[in-house]
Amino acid sequence: AVSVAAELIRASKYVVAMTGAGMSVESGIPTFRGADGIWSRHGQPSANSYAEWLDDPDAFWSSERRRRLEPWVVELREALRHAKPNEGHVALAEMEATGRVNSVITQNIDGLHQDAGSMNVIEIHGSRDKMRCVDCGDRTPRKTLFIDSPPPPCEECSGRVKFDSVLFGEPIPKDILQAARSESDKAECVIVIGTSTSVKPAGGLPRIAKANGSKLIEINSSETPLTRSCDAVIRGTAASALPS
Ligand code: NAD
Ligand code: ZN
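Note that the sequence shown ends on residue 245 in the working numbering; no numbers are left out.
Structure representation (structure tokens):
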């Protein structure tokens, strides 16, 4: 399967990697779902947190403060703090440097692709390093991991500011969705790594690319709903499959 995948990559003029939580498991960051997932062990958080934030930001931020003590948040934040890129992140960055891979669209918020040296990264679920105004889209640096009080209004438009990472029920910012669509439209080959493709709309991108004629390569330790649509399937982990 590795040689079939390599051949597809060589034959393609534009190659896009799409990554999910499985990409960073070997960096010590657990997935949310699945047997060892954070939510499977600690319980799933509220499914409409964006609506809760819009309705009553003060109550949201005070519950955020309390959430510092919730076990799943503590575990995720600790994992994020200590995580380093794994061999898979490094291999993808090298493939970009040598012109084999043109861009990375990631659902992850851990920043590990950039830490490994990837340059053209679209973070479809936002970045852990930024704050964002939901009214005008302006982004500013996020100074602390813990947000202890409601962020001040946007300096550009006085709008509502939250961390850049998307909450449940929050639309993907338009600029990001457009950038991701434009990458998948250009793709002749998409390498789908460590994602179940079950989270919308990010999970729909490989299918849109496929409908536009792109080849699909899957790298995942388990079968996914996308497996049957793929031209090459590498049943392995990100840190072992990508270097090979
Ligand atoms: P998901 O949909 O991204 O699925 C995880 C996938 O990874 C599964 O298909 C699983 O089979 C696969 N996988 C597990 N270990 C792997 C490995 N070592 N190599 C290759 N594949 C592996 O996951 P989710 O956990 O349901 O996440 C939902 C959303 O939350 C996604 O947007 C995800 O990116 C985000 N999230 C991000 C991080 C992070 O930033 N590192 C961590 C957890 C969740
Ligand atoms: Zn604004």
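Positions of the beta carbon are idealized from the N, C-alpha and C atoms, including for glycine.
On a predicted model such as this, the values are computed, not experimentally measured, just so you know.
If I measure Cβ to Cβ from residue i and keep anything under 7 angstroms in the same chain, skipping five residues before and after, which residues do I get?
i: T228; result: E219, V234
i: Y51; result: L168, F169, G170, E171
i: V102; result: V16, A18, L93, M96
i: I30; result: A80, L81, A84, D111
i: D149; result: R66
i: W54; result: F61, K163, L168
i: C137; result: C155, E157, C158, G160
i: D130; result: G112, P142, R143
Have a look at residue i and residue j and give me their C-alpha separation to the nearest angstrom.
i: R246; j: D139; result: Absent from the structure is residue 246, since the part of the chain shown begins at 2 and ends at 245.
i: C158; j: R78; result: 31 angstroms
i: F33; j: S197; result: 11 angstroms
i: G100; j: A94; result: 10 angstroms
i: H90; j: H114; result: 6 angstroms
i: A60; j: T145; result: 20 angstroms
i: K14; j: A188; result: 8 angstroms
i: Q45; j: E71; result: 12 angstroms
i: G38; j: V105; result: 24 angstroms
i: D57; j: S63; result: 10 angstroms
i: S183; j: I173; result: 15 angstroms
i: S4; j: P86; result: 25 angstroms
i: N213; j: G35; result: 31 angstroms
Say yes only if the C-beta of residue i is nearer than 7 angstroms to one or more non-hydrogen atoms of the ligand ZN, and no if none qualify.
i: E171; result: no
i: G204; result: no
i: E157; result: yes
i: C134; result: yes
i: G35; result: no
i: D139; result: yes
i: A160; result: At residue 160 the sequence reads Gly, which differs from the Ala that was named. Checking the Cβ of G160 against the ligand ZN gives yes.
Considering residue i, what are the terminal residues of the alpha helix (DSSP H) in which it resides?
i: E88; result: 88 to 98
i: R143; result: Premise fails: R143 is in no alpha helix (DSSP H) and is neither H nor E.
i: A210; result: 206 to 212
i: A239; result: 239 to 242
i: L113; result: 113 to 117
i: I10; result: 3 to 11
Can you give me the Cβ contacts of residue i inside the same chain, cut-off strictly under 8 angstroms, excluding the 5 residues immediately before and after it?
i: R42; result: W73
i: A117; result: P86, H90, V91, L93, A94
i: A98; result: G118
Within its chain, find whatever has a CB closer than 6 angstroms to the CB of residue i; leave out the 5 residues flanking it on each side and keep chain order.
i: E88; result: A240, P244
i: K216; result: L9, C190, D232
i: A210; result: S185, A188, V191
i: A22; result: T32
Let me check you understand the geometry: is the CB of residue i closer than 7 angstroms to at least one non-hydrogen atom of the ligand NAD?
i: S128; result: no
i: T145; result: no
i: Q45; result: no
i: E27; result: yes
i: V200; result: yes
i: S64; result: no
i: T196; result: yes
i: A48; result: no
i: N109; result: yes
i: N221; result: yes
Since I believe residue j is in contact with residue i (beta carbons under 8 angstroms), could you give me their beta-carbon distance rounded to a whole number of angstroms?
i: L206; j: A180; result: Between A180 and L206 the Cβ distance is about 11 angstroms, and since that is not below 8 angstroms, they are no contact.
i: D111; j: S25; result: 5 angstroms
i: P152; j: K163; result: 7 angstroms
i: T20; j: G195; result: 6 angstroms
i: S222; j: T238; result: 5 angstroms
i: V122; j: T107; result: 6 angstroms
i: A246; j: I125; result: An answer regarding residue 246 cannot be provided, because it is not within the stretch 2 to 245 covered by the chain.
Return the first residue and the last residue of the beta strand (DSSP E) that residue i is part of.
i: A233; result: 233 to 236
i: S104; result: 104 to 107
i: I192; result: 190 to 194
i: E224; result: Premise fails: E224 is in no beta strand (DSSP E) and is neither H nor E.
i: R133; result: 131 to 134
i: E27; result: Element bounds for E27: n/a, residue is neither H nor E.
i: V162; result: 162 to 164
i: E124; result: 122 to 124
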